[in-house]
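S.K.:
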Amino acid sequence: MKTITSLCTHSPHSPVPSRFDTMLAYDFELYNRPGLVWSEDRIRSMILSLRNFAICCLNPLPDYQCLTLSDPAALDDKLLVIARDPGTKEIVAFTSAVYYEVPDVGTVLHTGLTCVSPTTRRSGLTVYLFMHIFQYVVPRHPKGLWMTTLAEVPSSLVSVYQITTNVFPSPEITSPSPIHLRIASTLTSKYRHIIHAPPDAYLDTSKFLFRDSRPPNSALRTNPHDPALQHRNKLVNDFYLSLMNKDGGDDVLQVAFLDPTRACLVGMSRFSTLKSPNCLPGEISKFCKYSAFLMFLQLEIVLHKFGLERLCKYLRSYFL
1 MKTITSLCTH
11 SPHSPVPSRF
21 DTMLAYDFEL
31 YNRPGLVWSE
41 DRIRSMILSL
51 RNFAICCLNP
61 LPDYQCLTLS
71 DPAALDDKLL
81 VIARDPGTKE
91 IVAFTSAVYY
101 EVPDVGTVLH
111 TGLTCVSPTT
121 RRSGLTVYLF
131 MHIFQYVVPR
141 HPKGLWMTTL
151 AEVPSSLVSV
161 YQITTNVFPS
171 PEITSPSPIH
181 LRIASTLTSK
191 YRHIIHAPPD
201 AYLDTSKFLF
211 RDSRPPNSAL
221 RTNPHDPALQ
231 HRNKLVNDFY
241 LSLMNKDGGD
251 DVLQVAFLDP
261 TRACLVGMSR
271 FSTLKSPNCL
281 PGEISKFCKY
291 SAFLMFLQLE
301 IVLHKFGLER
311 LCKYLRSYFL
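Take the UniProt record's numbering: the last position of the sequence shown gets the number 320, and nothing is skipped along the way.
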């Protein structure tokens with residue numbers, strides 16, 4: 001069994017063993033801004049590995065994000081999580097989030113690009129990829145941070161809606177606030193390369209709908225009405241579906257606030273169903289371990305507020 005160690009004891013630029021490794025039959029690696037410290041050869045090797053895998057999801061491969069070989073700084077602003085088969089060490093999924101700066105707001109996290117092998121889709125693997133992101137980000141931003149998502153997949157939009165607060169667009173918030181507008185304007189003007197926006201794409205600021213962002217020949221284009229892409233929360237799912245072009249090609253730009261307390265509570269509720277009398281012993285073990293992680297994550301948020309990082313490191317290394 002792989003040794004489980006605390007995030008706090010590792011360099012943010014090195015692969016971080018995770019306590020989730022024993023919950024799924026995959027090994028996870030997390031890299032924070034690796035391009036700032038890696039050699040050119042290592043950066044190129046990683047990008048080639050990601051490209052070799054991504055071809056199973058995207059064809060043709062887009063020249064952007066963590067898949068580009070034309071930008072020497074491609075991994076400088078990325079928060080990368082990779083899932084591997086523990087036997088073959090082959091990549092089975094990855095997600096690559098991006099940091100960017102917004103005036104008077106600070107650092108914002110864009111959820112970026114996610115690729116999952118067709119053989120492992122609908123297995124819950126995407127949830128674990130993003131839980132690794134949150135596991136790393138939340139303790140380092142104990143007051144929370146703003147994040148953005150650009151997608152035409154209803155299930156992805158609903159998932160972000162459920163774990164965040166102050167979400168626009170959403171059924172509860174009918175018009176954007178000044179901070180929503182500032183973040184959206186900065187992303188779609190200064191950071192268009194982050195979202196791979198074609199020149200003709202434009203933002204409808206009344207709905208935060210990015211029109212014509214996925215032309216017909218785009219490898220990133222999907223059918224938003226595909227039954228496999230719908231969320232179980234029909235009310236919110238249908239809200240996002242109603243915003244988009246029925247033929248595809250439009251993206252919803254979601255601006256939301258990642259509140260640490262809400263993220264922990266939602267994470268706990270996601271696994272509450274594992275307490276069913278009919279669940280397997282292994283699933284009960286998953287619930288217990290995940291519950292422990294969430295409790296310590298909440299404690300760590302409090303400790304960071306009072307500058308008690310050393311105590312935080314000790315507690316996590318001792319108990320987890």
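C-beta atoms are modelled at their ideal positions from N, C-alpha and C, and glycine is treated no differently. These numbers come from a predicted model, not from an experiment.
Return the residue from the list Val105, Ile173, Ser175 and Val98 that minimises the CA-CA distance to valine 137.
M.R.: Val98
S.K.: Say the cut is 6 Å; is the CB of tyrosine 26 nearer than that to a heavy atom of the ligand FMN?
M.R.: As far as ligands go, the structure on display features none, and thus does not contain the ligand FMN.
S.K.: Alpha helix (DSSP H) containing asparagine 52: first to last residue?
M.R.: 40-54
S.K.: Could you check if asparagine 32 is buried or exposed, using at least 16 other CB atoms within 10 Å of its CB as the buried criterion?
M.R.: buried
S.K.: Smallest Cα separation from glutamate 172: which of Arg182, Tyr161 and Ile179?
M.R.: Tyr161
S.K.: From tyrosine 128 to leucine 243, what distance separates their C-alpha atoms?
M.R.: 28 Å
S.K.: How many whole angstroms separate the CB atoms of proline 210 and proline 169, which I take to be in contact at a CB cut-off of 8 Å?
M.R.: Going by the sequence as given, residue 210 is phenylalanine instead of proline. Wrong, their Cβ atoms sit about 12 Å apart, outside the cutoff.
S.K.: In whole angstroms, what is the alpha-carbon distance linking tyrosine 64 and alanine 54?
M.R.: The alpha-carbon atoms of tyrosine 64 and alanine 54 are separated by roughly 12 Å.
S.K.: For asparagine 245, which three-state DSSP category applies?
M.R.: Annotated three-state conformation of asparagine 245 is coil, per DSSP.
S.K.: What are the uninterrupted segments assigned as beta strand (DSSP E) that are 3 or more residues long and contained completely in the region 68-130, given in chain order?
M.R.: 78-84, 91-102 and 106-116
S.K.: Taking the alpha-carbon positions, what's the lysine 143 to arginine 262 distance?
M.R.: 12 Å
S.K.: Return the chain-ordered list of same chain residues with a C-beta closer than 7 Å to the C-beta of serine 96, the five sequence neighbours on each side being excluded.
M.R.: Gln65, Cys66, Lys78, Leu80, Gly112 and Leu113
S.K.: Contact defined as beta carbons within less than 8 Å: I believe leucine 157 pairs with alanine 151. What is the distance between those atoms, to the nearest angstrom?
M.R.: 6 Å
S.K.: Give the C-beta separation of serine 49 and isoleucine 91 to the nearest angstrom, bearing in mind that I take them to be a contact with Cβ-Cβ under 8 Å.
M.R.: 6 Å
S.K.: Measure the Cβ-Cβ separation of alanine 184 and valine 255 and say whether it is below 7 Å.
M.R.: It is a contact, given that the beta carbons lie within the stated cut-off.
S.K.: Buried or exposed, going by whether 16 or more other CB atoms sit within 10 Å of the CB of alanine 25?
M.R.: exposed
S.K.: Just to confirm before moving on: does the CB-CB distance between histidine 132 and leucine 30 stay below 7 Å?
M.R.: Yes, they are a contact pair.
S.K.: From which residue to which residue does the alpha helix (DSSP H) around leucine 253 run?
M.R.: Element bounds for leucine 253: not the alpha helix (DSSP H) but the beta strand (DSSP E), 251-258.
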